[in-house]
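Number of protein chains: 2
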Amino acid sequence: MNQKQFSEAVSSVTVRDTFWDPVMEVTRTQMIPYQWKALNDELPDIEPSHCIRNFKVAAGLIEAEFDGRVFQDSDVAKWIEAASYSLKWHPDETLEKEIDDTVELIIQSQQPDGYIGTYYSINGLEKRWTNIMRHHELYCAGHMLEAAVAYYHVTGKDKLLQAMIRFVDYIDSVFGPEEGKIHAYPGHEVIEMALMRLYEITKEEKHFRLARYFIDERGKQPCYFENEIETYHNEYPWKDSFFQFHYYQAGAPVREMKEAVGHAVRAVYLYSGMADVARETLDDSLYEACQAMWDSIVERRMYITGSIGASAYGEAFTIDYDLPGDLVYGETCASVGMVFFAHRMLKLSQRGEYADIMERLLYNGTISGMALDGKSFFYVNPLEVYPKKNEEVQAFRHVKVERQKWFACACCPPNLARLVESVGSYIYTQREKQLFINLFIGSEAEVFYGENAAHITLETGYPWNGKVKLIMECESGQEWDVALHLPDWCREFELYVDGESAHYMQSEGYLYLRQCWRGRHEISFNMKMEVREVCSNPKVRDNIGKVAVMRGPVVYCLEEEDNGADLHCVEIPSHAQFEETYRPDLLGGVVTIKSIGRKVMLEEASPLYLEDGWERYEEKDLLWIPYYSWANRKAGEMVVWVRKR
Amino acid sequence: MNQKQFSEAVSSVTVRDTFWDPVMEVTRTQMIPYQWKALNDELPDIEPSHCIRNFKVAAGLIEAEFDGRVFQDSDVAKWIEAASYSLKWHPDETLEKEIDDTVELIIQSQQPDGYIGTYYSINGLEKRWTNIMRHHELYCAGHMLEAAVAYYHVTGKDKLLQAMIRFVDYIDSVFGPEEGKIHAYPGHEVIEMALMRLYEITKEEKHFRLARYFIDERGKQPCYFENEIETYHNEYPWKDSFFQFHYYQAGAPVREMKEAVGHAVRAVYLYSGMADVARETLDDSLYEACQAMWDSIVERRMYITGSIGASAYGEAFTIDYDLPGDLVYGETCASVGMVFFAHRMLKLSQRGEYADIMERLLYNGTISGMALDGKSFFYVNPLEVYPKKNEEVQAFRHVKVERQKWFACACCPPNLARLVESVGSYIYTQREKQLFINLFIGSEAEVFYGENAAHITLETGYPWNGKVKLIMECESGQEWDVALHLPDWCREFELYVDGESAHYMQSEGYLYLRQCWRGRHEISFNMKMEVREVCSNPKVRDNIGKVAVMRGPVVYCLEEEDNGADLHCVEIPSHAQFEETYRPDLLGGVVTIKSIGRKVMLEEASPLYLEDGWERYEEKDLLWIPYYSWANRKAGEMVVWVRKR
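Protein chains in written order, with the numbering used here: chain P, 1 to 645; chain R, 1001 to 1645.
Below is the structure:
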């Protein structure tokens, strides 16, 4: 296969899905217009972002100081990217005009040497690259490049892309192994992925080389950042931290990294870029580095919801098996980044474990970041809240029990938006004579094999049931594989082709159907979807003696709204009876689960410490809802991990 | 009874106890000389404290800048106080000379108006009282006053006392309700208690009035501190905190305080002072305020070890039933202060519950602050540690798994020292014709009743067994009560007087023996001491489903040294069999407890999440040691609360 095919396969997918359509729709109709107002300082009850205003200042249209965070430009970029994806399935002239105008403004702000970035364009270009560690210039460049690529793919318009190519050429003149260039790498990764997307379009070797340089240079000792701090007398906020330069993934060269450490978003953006470069170079050592980071996260440092980053301090990974549900960070951006990483690992090596994690994230720890109405957002995605504690106890105050309208650092909402609006691109991958169905999302797609094309229609009630129908309309007959992901949660399934029990080959989490496909074919894949109780590895201290409830890929939780307060008092039996009901009226339509548990009774006047044997229990009907849909009603307690009796 | 009798009863007690003698001895021979070196900057591996040097500068003997914390003088005061108590039971000319020299130096530093305090004496007296909230001037004054009182009581020398009376008179001229005086109160309490101790000696109404003023003025709105911040442009570190001025117990007048909040040491020092004033004034509203704070702590905000303060942020109380064993603060100083509070509540109202808490603290959360060899100290007293997490995860890094040699803020070691060296003063209280035995600590005491005296000898193997013998030698016959504390843990006991089963009256946690005592009498009090499993109130979320093991007043724990790692995997049955052994060779001589539990087995390669029903258990012999003696061998895991199967 070549890179081009990927892009084409991706661009030809249209999502038509009962689960995802509403998510994409609220993102398009609520979040994207809301952010447009935020970028333009048009929200009366929100602190001005200064985003567009900064570009106007940098373009010389108005006179003012730079304002906002040093990475403020990236919000504009992410908005363009998300809005572009939405145009693909919902053309909108007004929105396209807004993007075009914004592109014009960005180009007006571009410096003669190609540089784009309002912070230094306003504050003095001579100060560029004096704080690569913390000033996010390459991060903003990376996001703008992603935006340019997306807009180009969707609309064919290449104005922003051309401007960004000029900017990249300038960056290439500044960074590299050659003498006289700066031997450094971004303080916040993302440009690595973006350069590889650019390279997919341009096929210009230098674009790929720059991505690879940033990856290969990273973490070399002595550390560039340490030097930079001394040279420019910059602040170093992690001086007393345990992770030191590992916060920036700069503590060791990427091939020597032992564990996923430091800032979780930065980390998974880096690993995603590494996987992109590894796919191009077929560099085993880099692939092994990716796999080591993957294993570190997936085997030891990931919440059951797919969320990552156990510590608010540094928004970072901590240590193996440290996964507190209440002290958690689990930033929405990190979940989004983890989907990028999983997707790229899948492109590197078509193994079901990568698709499993992508699915775990898409139905749990990503979309939990947005309210069902698209109007409020979580930065932090906890697995357990107790409002009084989250409000009053300092160590838990970063965990909000209600989604917020917006954030001073507004990275998460547009990040989630660009994921949601492009979710179609994660469903299929294609390799020569193989079409892989990674996700069960209702969709239509055009697939090209050799000179021929096939039209694919995927119909499903996923994730509420395990029934998947794939209708293939093939121009002409040829033997190739259709490979269906067999999710890790699935223990029993039936597979039919054209009504007949299918012959399949099972390997690495996929079911391969090989035959000559000609004309219309119908594949029916019925996975038995039952409620199951899941445990953590006992090394996860916070979850010992506890279970979580899952159904298919969906993690469930108990909310105070349905189950009363004091959820820590609830216990469920090891082999509980579960009753599943599809409730179209509830939370946008969800399958709820009922079970019987018991609850320790509280007595008002009882002492703080008492002799064992005092407990009284009451039988307790429990109602479980999908984790992603929590906090859409009244604020209250919520818990995923429940004690097992 | 009058106040004088208290002091006399206290000063006549000599401890001769198998448990406490070694603790007092290592404090005297290790901690006190070590701190003397620290005060004099004579420790090669410790940052200089500048304590004595600051006094030399303030006295004009050398020229230098002030150095150290703003409350550095208080270390000198606490050292004098602890050293003074030690002189009482172990005369030491060299030590007494060191104190005398220090007193001379302090007096040399005293300003013409009576002020003592090196920070402003060096930095400019005109700046005094411009940051009462944070600059600890009244705190240092309070500790120096406590030192002066102690030294006077033990040695009869009144030089420091007279100097402090001059200082107090100066303070009295600055603070008070009168116009022209500052209407404020200490940012860190302690002087309230100290003034009441001074008043016991001087009987000067103004000393009492000043203590009462500081208590009555506190927390009035508008808040003095808020005003002070504005007037002097001072920093306010708690601006974004939840507790705001409650950090300083300045959020509400003391009689309107609802809960124990804010900085835990400050809080219990205040409550202790309130209890002292309430005892003098017989002010019901103040007594009720004390009782409300007592209930808040003891019923809802105290660890099983007696430690208080669940949050490192602000070294503070948090919310009801929030008692995490691992995120804990539980500062040693706060435990010491809680003993002060309990003792004063006991003097206010002779109820066993106060003695119970005093005992809980003395055998658990106070002495855990010092190594058995007296050479290292805990600031924070956790109930659960996992070294890797405590080293690498930011939120848990304030919890040390090994005691430290010393601290930059060295408040805890000398605070514990002054408690330990004066532990005898907590054993007895006397009220007219009643002698109360609050604690079972081997000791001799002279008791005065009317014109007569009795010599009391208390012999016991407490806390390792519940046998107590009280020998009374009474000058002449008179009817009065001897009242023995019946600890809350005790379910069965036998009580004999002169070999005969005793007639007693039981009330409020005390057993009253009333008779005419003449000549020699022997009281035998045998409490049945068994191991018991204790639960938390189920509102304590962190302890739900868990038990702790206690024996008598002693809380036990599991250490990795005896039980291997992964202590979170351990479970014990509800009605476990326990085997108790006195081990003279271990940890200075302790009763250890053996029980059989089980442990979840860990398998190396198992996944992070797996379907329920995977657990395998192994039988596990458990060895429990007293909590206070943990961390005296190799660093490793430790846990108090263990899951119940």
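For glycine and all other residues, C-beta sits at the position ideal for the given N, C-alpha and C.
- Taking 7 Å as the Cβ-Cβ cut-off, the stretch 550-562 of chain P has no residue approaching chain R.
- Under DSSP, I1625(R) takes part in a beta bridge, and its partners are C1557(R).
- Listed in chain order, the positions of the stretch 367-397 of chain P with a beta carbon within less than 8 Å of a beta carbon of chain R are Y386, K388, K389, E391, E392, V393, Q394, A395 and R397.
- Around H568(P), the beta-carbon contacts reaching into chain R at under 7 Å are R1541 and I1544.
- Beyond the five residues adjoining it in sequence on each side, Y1085(R) comes within less than 8 Å, by CB distance, of A1150, V1154, R1418, E1421 and S1422 in the same chain, given in chain order.
- The Cβ of N537(P) sits closer than 9 Å to at least one Cβ of chain R.
- DSSP places D1326(R) in the coil class of the three-state scheme, outside both helix and strand.
- If you draw a straight line from the Cα of G1330(R) to the Cα of Q72(P), it is about 42 Å long.
- Nearest CB-CB separation between A267(P) and chain R: not below the 9 Å threshold.
- With contact defined as three or more Cβ pairs closer than 8 Å, the stretch 1600-1609 of chain R and the stretch 1350-1357 of chain R are not in contact.
- The three-state secondary structure of H1050(R), taken from DSSP, is coil.
- Checking the DSSP bridge columns, you'll see D481(P) partnered with Q434(P) and R514(P).
- In the structure shown, the three-state DSSP call for V268(P) is helix.
- Under the 9 Å criterion on CB atoms, P607(P) is classed as interfacial with respect to chain R.
- In the DSSP assignment, R1583(R) falls within the unbroken beta strand (DSSP E) covering F1578 to R1583.
- Look at C1412(R) here: in three-state DSSP terms it is helix.
- For E402(P) and N381(P), the gap between their C-alpha atoms comes out near 11 Å.
- Residue contact check for I304(P) against chain R: a CB pair falls below 9 Å.
- Beta bridge pairing from DSSP links V591(P) with Y582(P).
- In the DSSP assignment, S1536(R) forms a beta bridge with Y609(P).
- Residue burial is scored here from C-beta neighbours: Q577(P) has fewer than 16 other C-beta atoms within 10 angstroms and is therefore classed as exposed.
- Under the criterion of beta carbons closer than 8 Å, G1273(R) and Q1249(R) do not qualify as touching, at roughly 11 Å.
- Nearest to L1145(R) by C-alpha distance, out of H1135(R), D1158(R), R1134(R) and G1124(R), is D1158(R).
- A check of alpha carbon separations from V268(P) across H575(P), Y247(P) and E280(P) identifies Y247(P) as the nearest.
- Proximity to E619(P) across Y582(P), A635(P), P573(P) and N632(P) peaks at P573(P), based on C-alpha coordinates.
- Taking 9 Å as the cut-off, the Cβ atoms of L1198(R) and I1165(R) count as close.
- Residues A310 and S311 of the same chain have their beta carbon placed closer than 6 Å to that of T318(P), with the five preceding and five following residues left out of the count.
- Chain R has a Cβ within less than 9 Å of the Cβ of A312(P).
- Rounded to the nearest angstrom, the gap between the Cα atoms of L458(P) and P186(P) is 40 Å.
- When Cβ pairs closer than 8 Å are counted between the two stretches, the stretch 1536-1546 of chain R is seen not to touch the stretch 1370-1379 of chain R, the count staying below three.
- Cβ contact annotation for M358(P) (same chain, cutoff 8 Å, sequence separation greater than five): V339, A342, H343, L346, Y426, N438 and L439, in chain order.
- At a cut-off of 9 Å, the C-beta of I308(P) has no neighbouring C-beta in chain R.
- Distances from the CA of H1143(R) to each of V1531(R), K1634(R), L1160(R) and T1130(R) were compared; the closest alpha carbon is that of L1160(R).
- By the beta-carbon neighbour count (other beta carbons within 10 angstroms, threshold 16), E256(P) is exposed.
- Judged by DSSP in its simplified three-state form, C1474(R) adopts strand.
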